[in-house]
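Undergrad: To start, I am sharing the structure in question, which I have written as structure tokens.
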Amino acid sequence: NFRCRSAFKLLEIDDKFRLLQPGYSVVDCGAAPGAWSQVAVQRVNSAGTSRHDQGLPRGTVIGIDLLNIPPLDGAHFLSCHDVTHAATHTKLQELLPQGQAHVILSDMAPNASGFRDMDHERLITMCLSLIDLAEMILLPRGSLLCKYWDGVLSHQLQEKLSSVFHSVRSIKPDASRKDSAERYFLARMYKKPVK
Ligand code: SAM
């Protein structure tokens, strides 16, 4: 049983692109109420409950949200944390094994104001902050999956992602309402900038 229907969007994307592998470290941004984290826990085996495959490596799932996220076996939650704050990035780095993640997921969304352009811009700005987070914690060849609301700035976000990932594509899952502007960028093969 999933906490929210959004789980089906991640299941659908992961069935197709196999982002989440046993043993992987995953950061789930905007995780409340926790359905994506439930999917991630199963797929990276962070609760160690894959009964059929003993000996599978155990992964890590860290979820972050401004809101409270009810506890979940196999996940570590940072409730009341803002993903765009540098202090959260530092905390994540401390919690992740070797300070690094294989995958960053983001289903984050601001509270919709109802003004479509404004909501679009705010969400794009939040997505751009994930690129800073990636620079700090994402492993070379890692992946970033992020929700956005389509609009005039989508192309700018795509370009930014393309400058640091080898492969970037836009996805509209079947499980996402047809009449919503919601889409996801899947950016793969992170090219970690050399410092
Ligand atoms: N993927 C979740 C699930 O499956 O349960 C649903 C996520 S919900 C669509 C979007 C979440 O993003 C909200 O819970 C909201 O509080 C969170 N959010 C929005 N802005 C945020 C921010 N700056 N930092 C952390 N979380 C944020």
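Counting along the sequence shown from 1, when you hit position 164 you're at 149 in this note's numbering, and nothing is skipped either side. Even for Gly, the Cβ is constructed at its ideal location relative to N, Cα and C. Values in this document were obtained by computation on a predicted structure and should not be read as measured data.
(1) From valine 26 to proline 42, what does the alpha carbon distance come to, in whole angstroms?
(2) Is it buried or exposed for aspartate 164, if we count other Cβ within 10 angstroms and need 16 for buried?
(3) Please classify arginine 28: is it buried, with 16 or more other beta-carbons within 10 angstroms of its beta-carbon, or exposed?
(4) Candidates Asn(-14), Lys1 and Phe(-13): which alpha carbon is nearest aspartate 159's?
(5) Looking at the ligand SAM, does it come within less than 7 Å of cysteine 65, judged from the CB to the closest heavy atom?
(6) Is methionine 174 helix, strand or coil when you go by DSSP?
(7) Could you check where the beta strand (DSSP E) with aspartate 13 kicks off and where it finishes?
(8) Could you tell me how far apart the beta carbons of asparagine 53 and alanine 17 are, in whole angstroms, since I believe they sit closer than 8 Å?
(9) Closest to isoleucine 47 by CA distance: which of Ser98, Ala97, Gln143 and Asn30 is it?
(10) Does the distance from the C-beta atom of leucine 142 to that of isoleucine 109 stay below 8 Å?
(11) Which same chain residues end up closer than 6 Å to cysteine 4 when comparing Cβ atoms and leaving out the 5 residues on each side of it in sequence?
(12) Would phenylalanine 170 pass as a contact of valine 153 if the rule is Cβ separation under 8 Å?
(13) Please name the residue, chosen from Leu(-4), Val12, Ser98 and Asp104, that lies closest to aspartate 80 on a Cα-to-Cα basis.
(14) Given a threshold of 16 other Cβ atoms within 10 Å of its Cβ, counted over all protein chains shown, does threonine 45 qualify as buried or as exposed?
(15) Provide the residue span of the alpha helix (DSSP H) that contains cysteine 112, from first to last.
(16) Taking the CB atoms as reference points, tell me whether alanine 32 and aspartate 58 lie closer together than 8 Å.
(17) Whose C-alpha, out of Pro55, Met121 and Arg173, is nearest the C-alpha of glycine 84?
TA: With the structure as the only source:
(1) 12 Å
(2) exposed
(3) buried
(4) Lys1
(5) no
(6) strand
(7) 10 to 14
(8) 7 Å
(9) Asn30
(10) yes
(11) The sequence given here places leucine at residue 4; cysteine does not occur at that position. Correct list, in chain order: Val88 and Ser128.
(12) yes
(13) Checking the sequence shown, residue 80 turns out to be leucine, not aspartate. Taking only the C-alpha atoms, the option nearest leucine 80 is Val12.
(14) buried
(15) 101 to 122
(16) yes
(17) Met121
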